[in-house]
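>
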Amino acid sequence: MFSKKQDIQNTTDRLPDFSYINNSDIYMDTSCQSMRPQPVIDAITDYYQTYNACGSRVKYKWGQKVDSAVEATRELVISYLGLPQKEYVCSFTLNTTFGINLILNQLPAGDYEQVITSEIEHNSVFLPTIELAKRLGINRKVLERADDGSLIYTKADINKSVVVVNATSNIDGRLLLNIKQLIQDTHAAGGIVIIDAAQAAAHYQDLLFGCKADAFCFSAHKMYAASLGVIVIKKDLIRSLDKHFVGGGMVSAVREQGYDLLPDDLSSWLEPGLQAYGEIISLKRAIEWLSEIKPQGLKPAEYIHKISKQLYDGLSEIPGLTILNKQPSSVISVYSNSIDAHRLAIFLSAAGIMVRSGYFCCHYYLIEKLQLPPLLRISIGLHTTEDDINKTIKTLKKVLKA
Ligand SMILES: Cc1ncc(COP(=O)(O)O)c(C=O)c1O
Numbered sequence: 000m001f002s003k004k005q006d007i008q009n010t011t012d013r014l015p016d017f018s019y020i021n022n023s024d025i026y027m028d029t030s031c032q033s034m035r036p037q038p039v040i041d042a043i044t045d046y047y048q049t050y051n052a053c054g055s056r057v058k059y060k061w062g063q064k065v066d067s068a069v070e071a072t073r074e075l076v077i078s079y080l081g082l083p084q085k086e087y088v089c090s091f092t093l094n095t096t097f098g099i100n101l102i103l104n105q106l107p108a109g110d111y112e113q114v115i116t117s118e119i120e121h122n123s124v125f126l127p128t129i130e131l132a133k134r135l136g137i138n139r140k141v142l143e144r145a146d147d148g149s150l151i152y153t154k155a156d157i158n159k160s161v162v163v164v165n166a167t168s169n170i171d172g173r174l175l176l177n178i179k180q181l182i183q184d185t186h187a188a189g190g191i192v193i194i195d196a197a198q199a200a201a202h203y204q205d206l207l208f209g210c211k212a213d214a215f216c217f218s219a220h221k222m223y224a225a226s227l228g229v230i231v232i233k234k235d236l237i238r239s240l241d242k243h244f245v246g247g248g249m250v251s252a253v254r255e256q257g258y259d260l261l262p263d264d265l266s267s268w269l270e271p272g273l274q275a276y277g278e279i280i281s282l283k284r285a286i287e288w289l290s291e292i293k294p295q296g297l298k299p300a301e302y303i304h305k306i307s308k309q310l311y312d313g314l315s316e317i318p319g320l321t322i323l324n325k326q327p328s329s330v331i332s333v334y335s336n337s338i339d340a341h342r343l344a345i346f347l348s349a350a351g352i353m354v355r356s357g358y359f360c361c362h363y364y365l366i367e368k369l370q371l372p373p374l375l376r377i378s379i380g381l382h383t384t385e386d387d388i389n390k391t392i393k394t395l396k397k398v399l400k401a
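Residue numbers (numbering that gives the first Met the number 0): 0 to 401.
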């Protein structure tokens with residue numbers, strides 16, 4: 000729903016829900032975790048102050064309220080991805096990394112012949128796929144991604160495979176443009192596709208919408224909500240897992256040497272123990288907020304595209320700066336011929352501009368394959384203003400004496 004309060008006309012204004020940010024602080028590390036808008040902070044505070052109970056196991060009124068808010072969040076997450084509620088469940092965990100490990104560590108032996116990933120993966124995909132290949136004794140292939148981000152594969156590459164790839168790179172914003180074809184081909188070849196949607200969930204929802212992958216893992220903390228991992232998984236896949244991360248909140252009966260999982264509550268099968276209820280509930284508010292706001296009268300993805308282009312164009316004008324991106328994205332990585340990225344980050348920080356430097360957990364691709372020096376990564380979000388970008392470009396030019 001369009002909210003008048005949120006319609007910022009003046010290009011230098013920040014969305015009012017981020018008015019708590021000091022204008023001298025320019026936070027540009029949104030790929031790591033986004034800023035939280037005030038309604039999300041209010042939702043989590045409301046939970047802690049007015050119904051601070053656990054879910055799934057109590058009959059008192061606070062717990063009942065938690066249960067209905069958590070169930071509503073699960074449903075909203077599945078709808079946000081444009082998926083049918085009858086085929087998918089949503090579970091919560093620590094973060095994207097934990098979600099991917101939870102699934103891969105419980106995939107049964109015998110169903111798959113190989114594991115496929117890509118060269119531009121975060122260590123949260125790269126490392127668990129190495130472990131999966133070892134555990135199941137199957138082959139692992141690391142495929143290339145085209146300049147537009149599509150996975151380059153042949154039908155033989157994906158035969159009976161577990162394919163685990165990101166939908167959006169955290170280095171250069173490349174998008175998995177052939178996601179639908181990849182899912183179709185992998186299914187036809189008897190395999191499954193698990194999507195790392197950590198960078199896609201907030202700003203590139205359109206790319207994910209309606210894609211019937213077998214599972215999606217992402218982090219609420221990268222989509223304007225509190226720190227939390229999200230898994231959206233096909234019921235068939237969750238049923239096929241060898242469940243061995245087990246504990247409270249997921250059983251209907253326990254015997255001396257065995258137990259039965261809750262038969263009708265599949266989402267609990269990936270949620271052993273007490274959950275982060277306030278964080279879960281605040282994710283619902285973040286998703287609602289994403290559908291309500293209209294920065295400069297634009298949809299969130301349109302606004303992100305507009306300011307990403309402003310940043311990309313500004314960076315392109317700086318001599319001696321190499322941009323890794325082929326196109327604008329909410330995440331842009333660069334390096335300078337003259338100043339090390341870590342020193343650059345320190346100089347920028349002195350001017351109030353907070354960006355990342357290093358290899359962003361993509362060691363294989365950036366160090367081993369491309370043999371690049373440390374990079375500077377600028378990642379923007381819905382709290383970012385045009386003024387923030389102008390100041391960043393101006394400061395970079397000054398520091399690089401460009
Ligand atoms: C593409 C991508 N995948 C996975 C992750 C891991 O996310 P988390 O640290 O929340 O598990 C990140 C984090 O930056 C990421 O950018």
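Built from N, CA and C at the ideal position, the CB exists for glycine as well.
Quick one: using the 10 Å Cβ neighbour count with 16 as the cut-off for buried, is Phe-1 buried or exposed?
For the purposes of this step, residue 1 is taken as the residue at position 2 of the sequence shown. At Phe-1 the pLDDT is 38, less than 50, meaning the model places this residue with poor confidence; the figure from the coordinates comes in the next sentence. Answer is exposed; the Cβ neighbour count stays below 16.
> Please specify which runs of the beta strand (DSSP E), each continuous and at least 3 residues long, are wholly inside the segment 148-174, giving them in chain order.
Within the segment 148-174, the complete beta strand (DSSP E) runs of at least 3 residues are 160-165.
> Given this structure, state the Cα-to-Cα distance separating Pro-373 from Arg-342, to the nearest angstrom.
As a first step, residue 373 must be located in the sequence shown, where it is residue number 374. As a first step, residue 342 must be located in the sequence shown, where it is residue number 343. Going from the Cα of Pro-373 to the Cα of Arg-342 covers about 10 Å.
> Classify Thr-402 as buried or exposed, calling it buried when 16 or more other Cβ atoms lie within 10 Å of its own Cβ.
Past the edges of the chain, shown from 0 to 401, lies residue 402, and the structure says nothing about it.
> Give, in chain order, every unbroken run of the alpha helix (DSSP H) that is at least 4 residues long and sits entirely within the segment 52-125.
Segments of the alpha helix (DSSP H) lying fully in the segment 52-125: 60-79 and 95-103.
> Cβ of His-202 versus every heavy atom of ligand 1: is any distance shorter than 7 Å?
Locating residue 202 in the sequence shown gives position 203, counting from the first residue. Incorrect: His-202 has no Cβ contact closer than 7 Å to ligand 1.
> Compute the beta-carbon to beta-carbon distance between Leu-314 and Ile-331, rounded to the nearest angstrom, for a pair I have assumed lies under 8 Å.
Here residue 314 refers to the residue found at position 315 when the sequence shown is read from its first residue. Here residue 331 refers to the residue found at position 332 when the sequence shown is read from its first residue. Confirmed, Cβ separation roughly 7 Å.
> Using a threshold of 8 Å, state whether the C-beta atoms of Val-114 and Ser-160 are closer than that.
Locating residue 114 in the sequence shown gives position 115, counting from the first residue. Locating residue 160 in the sequence shown gives position 161, counting from the first residue. The answer is yes: Cβ separation under 8 Å.
> Determine, using beta carbons only, whether Thr-185 comes closer than 8 Å to chain B.
Checking the listed chains, one finds no chain B in this structure; it contains a single protein chain.
> Can you tell me whether DSSP reads Arg-134 as helix, strand or coil?
Within the sequence shown, the letter at position 135 stands for residue 134. Helix at Arg-134.
> Going by Cα to Cα distance, which pick from Lys-368, Gln-180, Lys-400 and Cys-89 is closest to Ile-217?
Position 218 of the sequence shown holds residue 217. Sequence inspection shows Phe at residue 217; the Ile mentioned does not correspond to that position. The shortest Cα separation from Phe-217 among Lys-368, Gln-180, Lys-400 and Cys-89 belongs to Cys-89.
> With a threshold of 7 Å (Cβ to nearest heavy atom), would His-121 be considered close to ligand 1?
As a working note, residue 121 is residue 122 in the sequence shown. Indeed, a heavy atom of ligand 1 lies less than 7 Å from the Cβ.
> Skipping 5 residues on each side, what residues in its chain have a beta carbon closer than 6 Å to that of Asp-147?
As a first step, residue 147 is located in the sequence shown; it is residue number 148 there, counting from the start. Answer for Asp-147: Leu-176, listed in chain order.
> Leaving out five residues before and five after Pro-262 in sequence, what residues of the same chain have Cβ atoms less than 7 Å from its Cβ?
Taking the sequence shown and counting its residues from 1, one reaches residue 262 at position 263. Taken in chain order, the residues that qualify are Ser-251.
> Which value, in whole angstroms, describes the spacing of the CA atoms of Val-164 and Leu-75?
Working through the sequence shown from its first residue, we reach residue 164 at position 165. Working through the sequence shown from its first residue, we reach residue 75 at position 76. One C-alpha to the other measures close to 24 Å.
> Please look up how many angstroms separate the CB atoms of Ser-117 and Ile-99, rounded, as I've assumed it's under 8 Å.
Residue 117 sits at position 118 when you count from the first residue of the sequence shown. Residue 99 sits at position 100 when you count from the first residue of the sequence shown. The pair is not a contact, with the Cβ atoms about 14 Å apart (cut-off 8 Å).
> Looking at Ser-30 and ligand 1, is the gap between the Cβ and the nearest heavy atom below 7 Å?
Counted from its first residue, the sequence shown places residue 30 at position 31. Ser-30: yes, Cβ under 7 Å from ligand 1.
> Report the rounded CA-to-CA distance for Asp-171 versus Leu-395, giving the unit in angstroms.
Within the sequence shown, numbered from 1, the residue matching residue 171 stands at position 172. Within the sequence shown, numbered from 1, the residue matching residue 395 stands at position 396. Their Cα atoms are separated by approximately 19 Å.
> Who are the Cβ neighbours of Val-141 in its own chain at under 7 Å, not counting the five residues just before and after it?
Counted from its first residue, the sequence shown places residue 141 at position 142. The answer, listed in chain order, is Thr-116, Ser-117 and Glu-118.
> Is the segment 207-224 in contact with the segment 93-111, if contact means three or more CB pairs nearer than 8 Å?
With a cut-off of 8 Å, the segment 93-111 and the segment 207-224 count as touching, because enough Cβ pairs lie within range.
> Let me confirm a value: His-121 is counted as buried when at least 16 other C-beta atoms fall within 10 Å, else exposed. Which label applies?
By one-based count along the sequence shown, residue 121 stands at place 122. The residue is buried, with at least 16 neighbouring Cβ atoms inside 10 Å.
> With distances taken between CB atoms, is the gap from Asp-184 to Ile-151 smaller than 8 Å?
By one-based count along the sequence shown, residue 184 stands at place 185. By one-based count along the sequence shown, residue 151 stands at place 152. The answer is no: Cβ separation not under 8 Å.
> Going by C-alpha to C-alpha distance, which of Leu-369, Ala-225, Ala-340 and Leu-320 sits closest to Ala-401?
Position 402 of the sequence shown holds residue 401. Of the candidates Leu-369, Ala-225, Ala-340 and Leu-320, the one whose C-alpha sits nearest the C-alpha of Ala-401 is Leu-320.
> Count the other CB atoms within 10 Å of the CB of Val-173; is the residue buried (16 or more) or exposed (fewer)?
Within the sequence shown, residue 173 is the residue found at index 174, counting from 1. In the sequence as displayed, the identity of residue 173 is Arg instead of Val. Buried, by the Cβ-count rule.
> Where does Asp-6 fall in DSSP's three states?
Your numbering for residue 6 matches position 7 in the sequence shown. Residue confidence is low: Asp-6 scores 42 on pLDDT, short of 50, so the model does not pin down where it sits. Its coordinate-derived value is still stated next. The answer is coil: DSSP assigns Asp-6 none of H, G, I, E or B.
> For Thr-383, is the classification buried or exposed, using 16 other Cβ atoms within 10 angstroms of its Cβ as the cut-off for buried?
The count along the sequence shown starts at 1 and reaches residue 383 at position 384. Thr-383 comes out buried.
> Does the segment 188-197 come within contact of the segment 352-360, defined as at least 3 CB pairs closer than 8 Å?
With the cut-off at 8 Å, the segment 188-197 and the segment 352-360 do not touch.
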